[in-house]
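Quick notes on the structure that follows.
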Amino acid sequence: MPAARLSSISTSSFRAPSRAPLAALAAATERVRAGTLSQEDAHHLFDQLLGQAAAVPERGLNNFLAALARAPPSAACRDGPGLAIALFNRMSRGAGARVASPTLCTYSILMDCCCRAGRPDLVLAFFGRLLRLGLRLDIISSSNLLKGLCQAKRSNEALDMLLHRMPELDCVPDVFSHSIVINGCFKQGEVDKACNLFHQMPQLGVQPNVVIYNSVIDALSKSGAMDKAEVVLRQMVDQGIEPNIKTYNCLIHGYSTFGQWKEALRVFKEMASLGVVPDVVTLTSLIDSLCKHRRTKEAREIFDSMAAKGLPGSGFLLSWSFCESQGIDL
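Residue 99 in full-length UniProt numbering is what sits at position 99 of the sequence shown, and the numbering runs on without skipping anything.
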């Protein structure tokens, strides 16, 4: 973009709407991405857009709302998703025919904004509007609805939506949809419910991916169900899905947390034999566990081996510091 044009949209007065609505929204979208569009600027933009005879174009509006949804907090605007919701509601109340009718894409973006803004109640409200307008649900909008239900701690409704309502609405749940509900159940402490859905997936024609396997192994490990976590690991391997560093970190952390240093060390050696390179998280868990159980020889060997390979990281050094603070000479 030419320097003159950039300077024309960088002032606080923000006169970009004097151009065509699509160009004005495009300029504002760039400012959102740059972190320079304030809440005041955005409302001033809509003052001018809604006062023009030309309609606010759906494509430009969606791009602008999507940019706000993903915008990190900045000095100019601390809550992009919340601002997107406020602007849309304002536009819906007063714009009438001057605004193109919101599409499924518009509502999907708004539902995502609600999730990001921590307003699951509004997710359901926008979903209701979507249905009343006769818009057909797709996998993106349904996934955002599932996120909202899980955020609202309504896991039973999320399960019903996933297993019954989505198929009824000709929207086939995918692996990502299942992942949302499984993680939502885990966050609510409903481990059995999440595991039941996980085991149902192949019967529903959906194969779990490495992300879902890791989520299940992580939850089981945190709850101390290490035998079950190992079973899921073997199932994962049998299905041809390769465990990654996250998989092994979950197991090592679980064993270390519950004082089973021998098992943690076994998993570490198994991981290394398969060519999976440990990271700082791996070593922090394992060396802390070994130090707590006075296994100084094993801790020293691992520390020296990893240091020789040049593994950096503050967590690794914290493990070393822990041993020193306990008077353990490595």
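For each residue, glycine too, the CB sits at the ideal point set by N, CA and C.
From a predicted model like this one, the values you see are computed outputs, not experimental measurements.
About 6 Å separates the beta carbons of leucine 162 and serine 177, which is inside the 8 Å limit, making them a contact pair.
Looking at Val175, Tyr213 and Lys228, the one whose alpha-carbon comes closest to that of glycine 205 is Val175.
The C-alpha of glycine 128 is placed about 30 Å away from the C-alpha of aspartate 41. Between valine 237 and threonine 247, the alpha-carbon positions lie close to 11 Å from each other.
The alpha helix (DSSP H) runs lying completely inside the UniProt repeat "PPR" (174 to 208) and spanning 4 residues or more are 175 to 187 and 191 to 200, given in chain order.
Looking at the backbone, the Cα of alanine 307 and that of cysteine 171 are separated by about 51 Å. C-alpha of alanine 20 to C-alpha of phenylalanine 64: approximately 15 Å in a straight line. Distance between serine 289 and glutamate 230, taken at the CA atoms: about 19 Å. In the DSSP assignment, glycine 254 falls within the unbroken alpha helix (DSSP H) covering 245 to 257. Within the same chain, Cβ atoms closer than 8 Å to the Cβ of isoleucine 182 are found at Ala194, Leu197, Phe198, Ile212, Ser215 and Val216, the five residues on either side in sequence being excluded. Between alanine 76 and serine 38, the CB-CB gap stays under 7 Å. Here glycine 118 is exposed: its Cβ has fewer than 16 other Cβ atoms, across all protein chains shown, within 10 Å. DSSP places aspartate 112 in the helix class (H, G or I) of the three-state scheme.
In this chain, the alpha helix (DSSP H) harbouring leucine 131 covers 120 to 132. Relative to aspartate 279, the option among Met166, Ile252, Pro167 and Lys262 whose CA is nearest is Ile252. Secondary structure of proline 167 (DSSP, three-state): helix.
Judged by DSSP in its simplified three-state form, histidine 44 adopts helix.
In chain order, Val123, Phe126, Phe127, Ser141, Asn144, Leu145 and Gly148 place their CB closer than 7 Å to the CB of methionine 111, counting only its own chain and leaving out the 5 sequence neighbours on each side. Straight-line measurement puts the Cα of lysine 228 at about 12 Å from the Cα of valine 191.
Within the same chain, Cβ atoms closer than 6 Å to the Cβ of histidine 293 are found at Trp261, the five residues on either side in sequence being excluded. Distance from the Cα of leucine 130 is smallest, within the candidate group Cys114, Ser108 and Leu233, for Ser108. Sorting Arg33, Ala66 and Ala28 by C-alpha distance to the C-alpha of glutamine 48 places Ala28 at the top. For a cut-off of 8 Å, the C-beta gap from serine 223 to serine 256 is around 15 Å, too long to register as a contact.
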